[in-house]
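Chains as they are written, first to last, in the working numbering: chain P, 4 to 380; chain G, 45 to 235; chain C, 13 to 245; chain X, 39 to 422. This report refers to the structure that appears directly beneath it.
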Amino acid sequence: MIDTLIHILALTAPVAMIFASLFAFTTWLERKILARIQNRIGPNYINIPFTKFRKTFGLLQPAADGFKMLVKEDIVPHGADRFLHLLAPILALVPAMMVLCLLPFDLPFANESMKRIHAAALDNAVLLFFGITSINTLAVFMAGWASRNKYSLLGGMRAVAQMVSYEIPLVLSAAVVIMAVGSLSAQKIVAAQSTHWFIFTPWGLAAFFIFFIASLAETNRSPFDLPEAESEIIAGYFTEYSGFKFALFFLGEYLSIFAINGLAVTLFFGGGNGPWVQAHPWLSCVWFLAKIFGLIFIIIWLRGTVPRLRVDQLMAFAWKFLMPLSILNLFVAAVALKVQQPWLTWPLCALVLYAAAHGLSRLQQKNVGPRTYQYAE
Amino acid sequence: MTSPALHEPVLQQFPATRWDAAARALIVPADIARAVAQWLTQPANGEFDYCSNVTGVDFLPKEIKEKTKNADGTEETLTRTEPGSLQVVYHLYSMRRRTGPLVLKQVAPREKPVAASLTPVWRSCELQEREVFDLFGVRFEGHPDLRRLLMWDEFEGFPMRRDYVEPADYEWEPTPHGEVLEKHRRGKVIS
Amino acid sequence: MKLLGSGIFKGMAVTLENFVRSYFDRDRKHHLFTKEYAWKSDAPADQLPARADTTVTTRSRNFPMLLHDGKGSEDPMASIRCVACQICERECPPQCIFIEKEYDANGKFVKRPVIFDIDISVCMSCQICVEVCPFDAIVMNSEFELSNNDRFNGLLVRRDALLKSNDYYHRIHPEEAQERDDRMAREKAEKEAKQAAADAAKKKAAELAAEKAAELAAAKPKVDPAAPTATPQ
Amino acid sequence: MSTAAPIAAPPYKLVRHDEAEAGLLEVSMGPHHPSTHGVFRMDVKLDGETVVRLKPVFGYLHRNHEKLAEGMSYLSSMPFTDRLDYFNSMANNWAYALAAEKLVDVPVPERAQYLRVIMAELTRLVNHTSLVGFFLNDLGALGTPLLYAFRERERILDLFEQASGARMMCNYFRFGGLRCDVPAGWLDRTRALVGGFPKFLDEFEKLLCENEIILARTQHVGVLSGAQAINAGITGPMLRASGVNYDLRKVDAYGIYDRFSFRVPLGAAGDCYDRFMIRMLEMRESLKILEQALRDIPEGPVMGNAPRVFKPAAAEVYGRVESPKGELGFYLIADGTTKPYRYRVRPPSLINLTVLEDLCVGHSIADAVVILGSIDIVLGEVDR
Numbered sequence: 004m005i006d007t008l009i010h011i012l013a014l015t016a017p018v019a020m021i022f023a024s025l026f027a028f029t030t031w032l033e034r035k036i037l038a039r040i041q042n043r044i045g046p047n048y049i050n051i052p053f054t055k056f057r058k059t060f061g062l063l064q065p066a067a068d069g070f071k072m073l074v075k076e077d078i079v080p081h082g083a084d085r086f087l088h089l090l091a092p093i094l095a096l097v098p099a100m101m102v103l104c105l106l107p108f109d110l111p112f113a114n115e116s117m118k119r120i121h122a123a124a125l126d127n128a129v130l131l132f133f134g135i136t137s138i139n140t141l142a143v144f145m146a147g148w149a150s151r152n153k154y155s156l157l158g159g160m161r162a163v164a165q166m167v168s169y170e171i172p173l174v175l176s177a178a179v180v181i182m183a184v185g186s187l188s189a190q191k192i193v194a195a196q197s198t199h200w201f202i203f204t205p206w207g208l209a210a211f212f213i214f215f216i217a218s219l220a221e222t223n224r225s226p227f228d229l230p231e232a233e234s235e236i237i238a239g240y241f242t243e244y245s246g247f248k249f250a251l252f253f254l255g256e257y258l259s260i261f262a263i264n265g266l267a268v269t270l271f272f273g274g275g276n277g278p279w280v281q282a283h284p285w286l287s288c289v290w291f292l293a294k295i296f297g298l299i300f301i302i303i304w305l306r307g308t309v310p311r312l313r314v315d316q317l318m319a320f321a322w323k324f325l326m327p328l329s330i331l332n333l334f335v336a337a338v339a340l341k342v343q344q345p346w347l348t349w350p351l352c353a354l355v356l357y358a359a360a361h362g363l364s365r366l367q368q369k370n371v372g373p374r375t376y377q378y379a380e
Numbered sequence: 045m046t047s048p049a050l051h052e053p054v055l056q057q058f059p060a061t062r063w064d065a066a067a068r069a070l071i072v073p074a075d076i077a078r079a080v081a082q083w084l085t086q087p088a089n090g091e092f093d094y095c096s097n098v099t100g101v102d103f104l105p106k107e108i109k110e111k112t113k114n115a116d117g118t119e120e121t122l123t124r125t126e127p128g129s130l131q132v133v134y135h136l137y138s139m140r141r142r143t144g145p146l147v148l149k150q151v152a153p154r155e156k157p158v159a160a161s162l163t164p165v166w167r168s169c170e171l172q173e174r175e176v177f178d179l180f181g182v183r184f185e186g187h188p189d190l191r192r193l194l195m196w197d198e199f200e201g202f203p204m205r206r207d208y209v210e211p212a213d214y215e216w217e218p219t220p221h222g223e224v225l226e227k228h229r230r231g232k233v234i235s
Numbered sequence: 013m014k015l016l017g018s019g020i021f022k023g024m025a026v027t028l029e030n031f032v033r034s035y036f037d038r039d040r041k042h043h044l045f046t047k048e049y050a051w052k053s054d055a056p057a058d059q060l061p062a063r064a065d066t067t068v069t070t071r072s073r074n075f076p077m078l079l080h081d082g083k084g085s086e087d088p089m090a091s092i093r094c095v096a097c098q099i100c101e102r103e104c105p106p107q108c109i110f111i112e113k114e115y116d117a118n119g120k121f122v123k124r125p126v127i128f129d130i131d132i133s134v135c136m137s138c139q140i141c142v143e144v145c146p147f148d149a150i151v152m153n154s155e156f157e158l159s160n161n162d163r164f165n166g167l168l169v170r171r172d173a174l175l176k177s178n179d180y181y182h183r184i185h186p187e188e189a190q191e192r193d194d195r196m197a198r199e200k201a202e203k204e205a206k207q208a209a210a211d212a213a214k215k216k217a218a219e220l221a222a223e224k225a226a227e228l229a230a231a232k233p234k235v236d237p238a239a240p241t242a243t244p245q
Numbered sequence: 039m040s041t042a043a044p045i046a047a048p049p050y051k052l053v054r055h056d057e058a059e060a061g062l063l064e065v066s067m068g069p070h071h072p073s074t075h076g077v078f079r080m081d082v083k084l085d086g087e088t089v090v091r092l093k094p095v096f097g098y099l100h101r102n103h104e105k106l107a108e109g110m111s112y113l114s115s116m117p118f119t120d121r122l123d124y125f126n127s128m129a130n131n132w133a134y135a136l137a138a139e140k141l142v143d144v145p146v147p148e149r150a151q152y153l154r155v156i157m158a159e160l161t162r163l164v165n166h167t168s169l170v171g172f173f174l175n176d177l178g179a180l181g182t183p184l185l186y187a188f189r190e191r192e193r194i195l196d197l198f199e200q201a202s203g204a205r206m207m208c209n210y211f212r213f214g215g216l217r218c219d220v221p222a223g224w225l226d227r228t229r230a231l232v233g234g235f236p237k238f239l240d241e242f243e244k245l246l247c248e249n250e251i252i253l254a255r256t257q258h259v260g261v262l263s264g265a266q267a268i269n270a271g272i273t274g275p276m277l278r279a280s281g282v283n284y285d286l287r288k289v290d291a292y293g294i295y296d297r298f299s300f301r302v303p304l305g306a307a308g309d310c311y312d313r314f315m316i317r318m319l320e321m322r323e324s325l326k327i328l329e330q331a332l333r334d335i336p337e338g339p340v341m342g343n344a345p346r347v348f349k350p351a352a353a354e355v356y357g358r359v360e361s362p363k364g365e366l367g368f369y370l371i372a373d374g375t376t377k378p379y380r381y382r383v384r385p386p387s388l389i390n391l392t393v394l395e396d397l398c399v400g401h402s403i404a405d406a407v408v409i410l411g412s413i414d415i416v417l418g419e420v421d422r
């Protein structure tokens, strides 16, 4: 019994540490990429304390931020519900951390028994994944309500509406891959993609687009960051948070980005598969992380470009565009998988999906479009 | 500046108005001000659809010494005090006809200044009349929402008047702590 | 009607181009417009342009300074231009200049300021004092690293701190200083010329008067010799 | 535990809510709200997310600029005009100089007229790029358009610093001309900048004008009809976005604007998207003016022979200029002394805010922020 506990500990501890340190790296990466997009340099002068060494390319910026958060006073508003105010950031962080070990992240030093434990315990990884991440909605609304601040309340209500309505396209687009593989276990899904990744099938590509957009909404990132809209409701649900609780929210947000992108990589990009993986098995970790950081670059790139949607447009986009498209994709994938001739079914699938997307986008943009202007002399 | 033709028709139409040649402005009594304004917006007579600027001006009573020769040839200086006045000046333009400013003035006494609000005619006067009320104290009859524009509501006095005396500690802010509260409890310093 | 995301992709293409070009652009300075602050600021304060490659141009004006024509070593107060006429004190919009005249032992005004303070927390470097000063005594400096932690005395700059030499002025604002010196030289030349003309006129008038007096004197002696000759018989 | 000492009764009045509005959420957005462009407060009554009532509150930045001016000479209040609309100090200077020149007709030399047009159009570029940047910031695009706009603004501010000595507080105009001539090489640097500007505008339009989220968020939001705009005294790009052709550079043709050929873009729908696009198109027209002005600027003095002490005869004067925000007017009453008897500034930002409530009621709070952003106010000018 003891050695299985040790094995489980040996499996989960490194994953938690790797992703926590990657969180620090990602905050630095985000600030540098956003800076370069906006023609500036980003943090580059953090001198190591008690030494004259100054030019450190800002790599110590996350450490400096972390220390600052520790030192900052942790203010709880007068009328706030103290217990819920403390519980909300914990509830935002713990599910994100738990979900990380569901990912098919086979560690290099894992021996046979560890692999069996990992595989046996989690044969329904994807189902467990969605179950745990939906706790995040609860945490955000708890933070919004407990802060007793009008702006947080607005932020909290927006978060609930957004996350609930984007959960459905997320799950439906994952269902397509599960239907193709026939199992909920992450290892089997990765194994099924050893020859070709699902992203390269038309219904896989459509499913990935829907999954990626829905995952943006799930983690409150760029076009869907309404719960924390600075320009409208100051900072949304974490307006009244300062000090380390604020840092916990950020840690929770970034870890859920890692988790959801990890799932996207497992479902569509074939987990740890990549060239030379047979020769050096430890390469699968590197490939897994590289693909995750590819998706994270796209997320940061989107954040630097695109403004924010309004709440009703957000809802309309989820229910009127993503939902019908993902259901149609489900049927199209079912037909394609049944009729096993790819040269016939793939072009047909692509055609049907593209036509549906066009029709729905015309529906979405009825009286909106670029205009021409006349001039007066 | 004002082309002479602009104000002639108004004089014929409303005999009560008079033309102040020095300031090239049309003095309009308060009671018929809104009628004149309504009349001016008609397309037939000038179509002044745009009221660009509303200003308050405070004239203090002035003593004017005049040397007059009375009957027996001796010179004698008469000091005549010209009564002060609070004037509200409107600059009207016509956007469609692109005609120059027609300056309309409402003259009100300094003690209890009252003027007719032209906001029902031109919506642009709303905030500017509130500012004239806030800084000069001219009450506008018929203004939809006459409150102080720039000063906080508990402020007393009208700062832009020529005879305005600043309160001793005008930095005072009604904050509920320390010696400021003490000052407040001892009774308003600015009475 | 294009596909829903096409406008967004166009925008993302622009940001990606900016991202890539910021690394591989030939003249990187063109694209990354944030300037690095001059760490090498330990050079002495008055070699300003050399010290910081900031955007300080030969015309940028920060807070005013008083000028004196003396060379480096000797006492600046000897050659200070300011005569404490207090025009700038009156004209200054935020009223941040404070001047007191200097009186010597027996109370005669010595045409120099004892106290000339500028409160740089109030001053908005608007250069009105420079325009109204008839003696070109006050000009704008470009020194901008003036922050200090003492709110009252630190930000009240006294006369000696304000006083700078004319060649420092030539170093930071060369063509403006040159133009100002030429104008002063021209005015001085005109004044001398007028003065000289006035002297010449006075001298000529004096000669004229002398001649007239002489000729008057000459005329009068005709009469006088007659009179004295009469009396001695 | 002894009960805490009762907190002293606050001297300010407590407002009692009446029943009809029991269910509404009252939020006071401001005075330090990230998207109110300065210290400006809006008391908003929300039914869920939609705005039911919106009362703007002014006065947080009120410095009583007009009373100050009555106590100082005409020249001394020129630097204060920089601080009215601190985004375009040259346009404010020009409005004041224009009004004062009507008091004492001082002939302005040719080169000064051309330089005035160049400086005014450069401030229009600065103002419109910054406005588009802030507008996108209110929409949620995290800083990227704003920083592209600020990159161009920095270049123009460097030109201002080389010409007038200060980046934002230029204090460069005088009655009868300009304080000093531009340094050597300045005109070539300006020609280079004006040459490179269209490339930046194309990049800006490619980034913004077809973005579906911007289209969805700004079209049909805050619609203002032409008649309503004229009656409410709206001026500037906001008026032209509602389709009314009224541009003071064409109507009054002050300075030498009649020598330049440029067009005035007009909007059709009068919503936030039109107000945003009108400013983008106006920048292209300003570039045309700048090219023509830079092409045929003559040599010569920049300062007419203005009197040493500015002491105009008693008169009343109203001078107005097409500042990037609207019609900026100065109403001066001179009484023969060196100090103006009455000095009044007609603030375009304040009067454009008259219709803020009409535009925002019925929209969501996110739209209220966007509508305020499209009106383009600067609190230095609103509160004076």
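We treat Cβ as the ideally placed atom computed from N, Cα and C, and that holds for glycine.
Closest by CA to residue i, which one among the options?
i          : options                                           : result
His-80(C)  : Phe-156(C), Ala-209(C), Glu-219(C) and Arg-124(C) : Arg-124(C)
Phe-300(P) : Phe-215(P), Gln-281(P), Asn-276(P) and Gln-367(P) : Phe-215(P)
Ile-389(X) : Leu-319(X), Gly-264(X) and Met-276(X)             : Met-276(X)
Met-166(P) : Gln-41(P), Ile-11(P), Trp-322(P) and Asn-332(P)   : Trp-322(P)
Asp-123(X) : Glu-395(X), Glu-104(X) and Pro-385(X)             : Pro-385(X)
Can you tell me which of the three DSSP states residue i falls into?
i          : result
Arg-63(C)  : In this predicted model, Arg-63(C) has a pLDDT of only 48, less than 50, meaning its place in the structure is not dependable enough to derive any value.
Ser-96(G)  : strand
Pro-145(G) : strand
His-103(X) : helix
Glu-256(P) : helix
Show which residues of chain X have a CB atom less than 9 Å away from the CB atom of residue i.
i         : result
Asp-93(G) : Ala-265, Ile-268 and Asn-269
List the residues of chain C whose Cβ lies closer than 7 Å to the Cβ of residue i, in chain order.
i          : result
Gly-307(P) : Thr-27
Could you name the residues of chain X that residue i contacts, counting a contact when the two beta carbons are closer than 7 Å?
i          : result
Arg-311(P) : Leu-177 and Gly-178
Arg-142(G) : Val-289
At 8 Å on the CB atoms, spell out the chain C contacts of residue i, in chain order.
i          : result
Ala-337(P) : Under the 8 Å cutoff, chain C gives no residues; its nearest Cβ is about 25 Å from Ala-337(P).
Ala-360(P) : Leu-15 and Leu-16
Pro-34(P)  : Per the sequence shown, the amino acid found at residue 34(P) is Arg instead of Pro. Those within 8 Å of Arg-34(P) in chain C number zero; the least Cβ separation is about 13 Å.
What residues of chain X sit near residue i, judged by a beta carbon separation below 8 Å?
i         : result
Arg-43(P) : Leu-185
What whole-angstrom Cβ distance do residue i and residue j have, given they're in contact under 8 Å?
i          : j          : result
Leu-78(C)  : Leu-228(C) : The Cβ separation is near 56 Å, so there is no contact.
Ala-96(C)  : Ile-111(C) : 5 Å
Gly-158(P) : Gly-239(P) : 3 Å
- prompt: What beta strand (DSSP E) runs, 3 residues minimum, are completely inside the stretch 70-142 of chain C?
  reply: 76-80, 109-115 and 121-131
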